[in-house]
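Residues 0 to 73 (numbering that gives the first Met the number 0) make up the sequence shown, in order.
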Amino acid sequence: MKLELKKIGNSTGLILPKELLARMNLGQGDWLYVTELPDQGIKISAFDPDHAEAMDTARELFKEYRETFKALAK
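Below is the structure:
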């Protein structure tokens, strides 16, 4: 898909077609994350890699301290 950068007020923006937004389940006000790739490209996604890393860490902690969390939940 080829998209054009456009002037929006004093900024430059990228307008995403509504079909793409629908496929990605995105709407106005949602956040997109830009990751720079080693080959000078970029990746734009609704996936936050920092959040995913934090969730992986939390899952490991919950697994390691399962019994402690069960006791605290009582």
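The C-beta atom is built at its ideal place from N, Cα and C for all residues, glycine as well.
Keep in mind it's a predicted model, so treat the numbers as computed, not measured.
Three-state secondary structure assigned by DSSP to residue i
i: glutamate 35; result: strand
i: lysine 6; result: strand
i: leucine 15; result: coil
i: lysine 73; result: coil
i: lysine 42; result: strand
Proximity to residue i [Cα-Cα], best of the options
i: serine 44; options: Thr67, Val33 and Lys62; result: Val33
i: tryptophan 30; options: Pro37, His50, Leu36 and Thr11; result: His50
Backbone CA spacing between residue i and residue j [nearest angstrom]
i: aspartate 47; j: lysine 73; result: 33 Å
i: arginine 22; j: proline 16; result: 10 Å
i: serine 10; j: glutamate 18; result: 24 Å
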